[in-house]
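Numbering (the UniProt record's numbering), first residue to last: 1 to 1244.
We put the beta carbon where it would ideally sit given N, CA and C, even for glycine.
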């Protein structure tokens, strides 16, 4: 049923009335885990801290009054019930006393029950939205004018909620409005009638006349406790309008005496004479204890007192402050907005007292002046030492910057007076003045009262080495700024100093280099990264840090690195050089450090290198890497030359590049310098030039042209396989032959190609001609077809040969002869044939794979060289061709375990049994080698991120010791960077299971829950950094496959509740997409946890740990994430575990640069202080209480018993005529009772 909406407009005012059905009695979505987006019932159940809802709630009955479509006031059921105090002492029905007396022996009277306000008394006055200005005024609504009969232009009457109080009365909240030509009038009324007990009416009236540019709002509270309301005969009392004006007016709840300036009146009377009236002042203290006046009102009134010549009055005010400051709190919403400014005004007044009481030595002074000055400083010191008051002063400093500037000036003047005086009686004045001038909030490492999570000092970091290994594996061409941003994020979440970061960064690169020295395919890559790209990364990090001692911090990092001599000794002994010296020399070339700064470190390391013994022969990869950079520059200049003039020279140069590992070195240098795409584009240009065959140019020129096409094709295939198509061609590629062939035919892991699409490009006539030429053993170099057409036609020829072999038209020898002829001179043809065969095998049944596999294997067999082939650089091209085809086979069936070679597409071992040994080996050594990284990558893209994250988290939660968990968190965080976005989403989806699933909820204990919260925080910040990095958005994870993730479609769209709505511009800097949805969903489910549990438990402890970790990892920038917290989460959590909250944590949860953030922080700080005060009052120790009792008779009586409490208990104690005697069995030793004494039926 849709809501019925009515709208009325007058001038710039719009009135919208919405009316709909009653709230259901259960969840309409049937969700096992209720969320705010499920239905109205779940939303009310989560956001309201009520044991029961009223019998009739109308969730969609809403009245909205807007001005100019921007700001106004709204009346709705949810907000009205949110204002119900669940801790209010409940009203008792008329027959309560008789019921108790009749059941004294049943035990029900003394049974503990969940007490709550079953009358749903609300002080709701409407919900303001936008930015309306609210001011106090003496103007009142003219009720006589409202009695004039006028035409009603619009009328609406809405019921928000109603309850019949179990047939003991009625409680109803309604709102009605009428619009006349002269203006409009609205009435929000809460009416309560408990038969035979009381009546209560809370009215909020809004009135506006047409010519006004403002709206008057009046609040009236009426209440009457009476026995004259007949039980069951209340028909005449159903209409509150008939008798509302006859009920006596009462003060509003809490600190309502402020409305009538009660504190101002009492203080004025107490200080009217030359000496204070302490009796009247005691009335003020009594009013404060009875909550008739607020602390803010008293502080504001005292700060306005300017008659400092009345020394006695000033002293009595200081004494009053000294006795009340320890209990400063906030008891209501109106006080929250003024308490901080009141405290700041009080500081200003106390400084004035210091100045008035301090007189230089050449003047006159007396004892009262010294007392005023000393006591003022003591009170200021107490204010600054109170964490709650200090936080409020910090917030007030931003709200009223002008007043704080006045305070700073006064502090400077007082400091100057103290320095000019020869002696002073003001203790600690300098420290107090310095603190007042520097009221700053600093990020604290102790955010909660729980066991600190920052006391663990990790000897080394386990996150950088696997993170760099994964980043370089996924995209070796990653730009320097991308890595710099990632390292800055690591420095932020881990809290590393700059020297520590530089040291760990170099250590991580050297560890990867150590692992790759024995692997020919990765040694050049890591050598180039460490000694070419790493110095540029360090320089960028130093520039971004904006440190004045950047070069000194780098040297400090190298000095810390010297302590890791086992790693340095291994690298230096296996490379026969000093890696420290090579790195420092590169930094010197960048003009970042000087030779004098490096000389001492180089000398210290050189003395050690000279004594190391090197293997025979040592690896020369570092020396070659340092020489590769100028070689690359010469090659790029050569490739810029005219093609027609350098064909033979180019073939000679490329043959040298293909020999040995020269190509690896050249590509490694090009990738780390960011010149790989430039190199590829120049090679593609020559490949395009050489694809044409012109028989008129002569045999030698045709041969050279064919070899050049073959070489460039092989090089481009090798580069594409190594770095990925998307990493090389960011814009999707052009229309060159190789780029089109690569998009359609190149075998890539996770990116299958259609074999039918490849066949569709073939011309049957050209395929038949090509197959005839190959079968006859003709030299394809001398044909008149271009090489691009030959490469396309060879696919059709391979298909025809396979079909003929399967139909037994060709024998195995015939197939072998054809394939050998195909690869006799040009090696680009076997690659094209193998690419089609691999794509074709992806759709075949396992039983039909034998013959295609044999054809691919035949293409890999080495042919004997002949004299003619030596001139065509046959050997280097054949080796490169075999590498390319083997890589195709590996991409077709990636291995996940180092088991015996198998051609099975599906592994016979369960994938979990493959994952666990890999993880255990990584956890044992604490770093990630190349083989393990490849296996993890394959496992992730095979099983998906949900399965991958779930099982790794299970393995982490099995660990028991903190050092193991810290290592596991760092390693998992790095491993998730194979696909950090989807792994983070999977982790966020997993968190509610640990909160709601009882089967795994038992694992949520310390220290496991701290590790889980830390890992979750790390991943969230890494995903946010990924979204905000504009460079990564376009190129990250181009070698991976596109994976889908199942996101809950029930999440609402972008409209979410924000703590800082209204004054923060989040465009361009916030979180978006599925990450935002997952984060909001997690926070809403956490809000369910805090609403369900009212005491400390595993779930609430984990929620607090998660918030703590988000703040600590954010280091001042956590608001971009925490701004999405539901508004009810923090208040519920504070009520649940106030003893674990700290002021620092609350201040870190909000963006204090915006008024809304400061307002929300003030509200939570006041709630925390109020909860602390209430708990301190309630938690009077029974042992201490017993110590205060002195028994002087046989039983407790009024002469030897006192009752301590904040309120009059209003109880009478009945005493038996013949009281029971107490028999005591006890012994006394060393002045205390050592055995218990008991009374029949109970223990005392």
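Checklist entry - residue 8 to residue 1074, Cα distance in whole Å? => result 39 Å
Next on the checklist: Cutting at 6 Å between CB atoms, please list the residues of its own chain near residue 368, excluding the five before and the five after it.
Outcome noted: Within the same chain, residue 368 has close Cβ partners 311.
Checklist entry - Taking the runs of the alpha helix (DSSP H) that are 4 residues or longer, which of them lie wholly in the segment 36 to 62? => result 40 to 47
Item to check | Where residue 1154 sits in the DSSP three-state scheme | outcome: coil
Checklist entry - Thinking just about the alpha-carbon of each residue, which of 1104, 927 and 801 is nearest to the one in residue 1010? => result 1104
Next on the checklist: Using DSSP's beta-bridge definition, name the partner residues of residue 155.
Outcome noted: 178
Checklist entry - Counting along the chain, where does the alpha helix (DSSP H) carrying residue 967 start and finish? => result 962 to 975
Item to check | beta strand (DSSP E) segment containing residue 982, residue limits | outcome: Counting along the chain, residue 982 falls outside any beta strand (DSSP E), though it belongs to the alpha helix (DSSP H) covering 980 to 996.
Checklist entry - Under a three-way DSSP split, which group does residue 999 fall into? => result helix
Item to check | Backbone CA spacing between residue 185 and residue 389 [nearest angstrom] | outcome: 42 Å
Checklist entry - For residue 162, which of 140, 118 and 377 has the nearest alpha-carbon? => result 118
Next on the checklist: Could you tell me which whole alpha helix (DSSP H) segments of length 4 or greater appear in the segment 560 to 641?
Outcome noted: 565 to 575, 579 to 589, 595 to 609 and 621 to 639
Checklist entry - Touch check for the segment 1077 to 1092 and the segment 978 to 997: three-plus C-beta pairs under 8 Å? => result The answer is yes - the segment 978 to 997 touches the segment 1077 to 1092, with three or more Cβ pairs under 8 Å.
Item to check | Cα-Cα separation between residue 981 and residue 193, rounded to whole angstroms | outcome: 57 Å
Next on the checklist: By the DSSP assignment, the alpha helix (DSSP H) with residue 919 in it spans what residues?
Outcome noted: 911 to 925
Checklist entry - For residue 1147, which of 1158, 1137 and 1154 has the nearest alpha-carbon? => result Considering only alpha carbons, the answer is 1158.
Next on the checklist: Count Cβ pairs between the segment 274 to 289 and the segment 311 to 324 that sit closer than 8 Å; are there 3 or more?
Outcome noted: yes
Item to check | First and last residue of the uninterrupted beta strand (DSSP E) at residue 194 | outcome: Element bounds for residue 194: 183 to 194.
Checklist entry - Beta carbon of residue 126, beta carbon of residue 217: below 9 Å? => result yes
Item to check | Per-residue DSSP class, three states only, for residue 119 | outcome: coil
Item to check | Assumed close pair residue 711, residue 823 - CB separation to whole angstroms, cut-off 8 Å | outcome: Not really, about 15 Å apart at Cβ, beyond 8 Å.
Checklist entry - Of the residues 246, 603 and 674, which one's Cα is nearest the Cα of residue 629? => result 674
Checklist entry - Of all the options 339, 490, 247 and 308, which has the alpha carbon lying nearest to the alpha carbon of residue 974? => result 490
Item to check | Cβ pair residue 347, residue 407 closer than 9 Å | outcome: yes
Checklist entry - Rounded C-beta distance between residue 291 and residue 331? I'm assuming under 8 Å. => result 6 Å
Item to check | Member of 774, 497 and 681 whose CA lies at the smallest distance from the CA of residue 716 | outcome: 681
Checklist entry - Which residues bound the alpha helix (DSSP H) around residue 325? => result That residue, residue 325, is in no alpha helix (DSSP H); it is neither H nor E in DSSP.
Checklist entry - Exposed or buried, what is residue 4 when buried is set at 16 or more other beta-carbons lying within 10 Å of its beta-carbon? => result exposed
Item to check | DSSP bridge partner residues for residue 169 (one or two, in chain order) | outcome: 194
Checklist entry - Which two residues bound the contiguous alpha helix (DSSP H) that contains residue 390? => result 387 to 399
Next on the checklist: Only counting the same chain, and skipping five residues up and downstream in sequence, which positions put a Cβ closer than 7 Å to that of residue 659?
Outcome noted: 876
Next on the checklist: So, for residue 827: in the same chain, excluding its five sequence neighbours on each side, which residues have a beta-carbon less than 7 Å away from its beta-carbon?
Outcome noted: 710, 714, 877, 878 and 881
Checklist entry - DSSP on residue 751, reduced to helix/strand/coil? => result strand
Checklist entry - Are residue 78 and residue 47 close, meaning C-beta to C-beta below 9 Å? => result yes
Item to check | Presumed contact (8 Å Cβ cut-off) between residue 851 and residue 806, rounded CB distance | outcome: 6 Å
Next on the checklist: Quick check: the segment 1149 to 1167 against the segment 390 to 400, are at least 3 beta-carbon pairs closer than 8 Å?
Outcome noted: yes
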